[in-house]
Amino acid sequence: MSTTDEAPAVAAVGTGIADPAPLGLAAFALTTFLLSAINAGWAKTSTGFDWWGYAIAYGGLVQLLAGMWEFRNRNVFGSTAFSTYGAFWIGVGLWLHFIAPTATHPLALNRDLGWILLAFAIFNTYMLIISTQLNVAVFMVFLTLELTEIFLFIGNFTTSSPALPPNPTNSGLIVVGGYIGVITALVAWYTSAAGVLNGIKGREVVPVGKPLFNL
């Protein structure tokens with residue numbers, strides 16, 4: 017997530033490393049897509065657990081590494097965003113692996129997830145506001161993610177039926193959150209692809225838009 021309104025360069029000036037933002041966005045997009053497909057009710061014939069390993073390995077570890085490389089790039093926005101959401105996916109993956117099997121009341125897990133998503137929605141709110149200083153593509157990632165988190169935390173707080181794998185009975189709000197999550201993943205993939213191609217060419221080939229506001 018470049019701190020300028022121009023296309024990311026192949027290597028950030030003065031750092032000697034390639035822009036890690038496209039990798040971080042791709043990792044975020046894939047894991048978000050896998051979980052959102054379950055929330056939307058699309059993955060009825062799957063185990064419902066296909067996203068766990070990728071939440072830790074790709075959306076988690078790889079995105080966290082992208083955040084660390086953004087520190088090397090002196091990109092405070094990218095380092096904060098990727099490191100936080102990398103840790104989010106690792107945390108959710110570990111929570112479902114170690115805590116979920118021990119729960120005596122299935123709905124308590126949905127309430128847990130509601131609190132987790134509420135906390136990250138608060139974080140995402142100020143990152144959404146700050147993203148207006150970057151470009152339209154990054155802003156849209158955070159806008160769709162904000163809506164996803166809002167629908168999902170309300171849905172998990174209010175559902176009267178267990179809504180976690182392997183046999184989720186998703187409420188209407190969780191289903192809506194799943195659909196918006198798929199859109200979030202597609203927007204993130206677009207922004208990632210733009211970063212890769214624009215980085216290769218050293219100029220903007222795939223448009224990402226200008227900053228919405230300049231403070």
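The opening position of the sequence shown corresponds to residue 17 in the working numbering, with each subsequent residue numbered one higher.
Note that CB positions come from ideal geometry on N, CA and C, so glycine has one too.
Small disclaimer: the values here were computed from a predicted structure and weren't measured.
How many Å lie between Ser95 and Val157 at the Cα?
-> As a first step, residue 95 must be located in the sequence shown, where it is residue number 79. As a first step, residue 157 must be located in the sequence shown, where it is residue number 141. Near 16 Å, if we compare the C-alpha coordinates of Val157 and Ser95.
Val157, enclosing alpha helix (DSSP H) - first and last residue = By one-based count along the sequence shown, residue 157 stands at place 141. That run of the alpha helix (DSSP H) goes 152 to 174.
When the Cα atoms are used, what is the spatial distance from Ala27 to Gly193?
-> The residue you call residue 27 lines up with position 11 of the sequence shown. The residue you call residue 193 lines up with position 177 of the sequence shown. Per-residue confidence for Ala27 stands at a pLDDT of 41, beneath the threshold of 50, marking its modelled position as unreliable; no derived number is given.
Pairwise C-alpha distance: Phe229 and Gln149 | Locating residue 149 in the sequence shown gives position 133, where the first residue counts as 1. Locating residue 229 in the sequence shown gives position 213, where the first residue counts as 1. Whole-angstrom Cα-Cα distance: 6 Å.
In whole angstroms, what is the alpha-carbon distance linking Leu110 and Gly69?
-> Walking along the sequence shown from the start, residue 110 turns up at place 94. Walking along the sequence shown from the start, residue 69 turns up at place 53. Whole-angstrom Cα-Cα distance: 10 Å.
What's the call for Ile12, buried or exposed, on a 16-neighbour Cβ count within 10 Å?
-> Residue 12 cannot be examined here, being either before or after the span of the chain that is shown, 17 to 231.
For Leu110, the first and last residue of its enclosing alpha helix (DSSP H) | Mapped onto the sequence shown, residue 110 falls at position 94. Per DSSP, Leu110 belongs to the alpha helix (DSSP H) from 92 to 110.
The segment 134 to 152 contacting the segment 70 to 90, beta-carbon criterion three pairs below 8 Å = no
Over the uninterrupted alpha helix (DSSP H) stretch that includes Asp128, give me the two end residues.
-> Stepping through the sequence shown from its first residue, residue 128 is reached at position 112. Counting along the chain, the alpha helix (DSSP H) containing Asp128 begins and ends at 122 to 147.
Where Ala59 falls: helix, strand or coil (DSSP) = Residue 59 sits at position 43 when you count from the first residue of the sequence shown. Here Ala59 sits in coil by DSSP.
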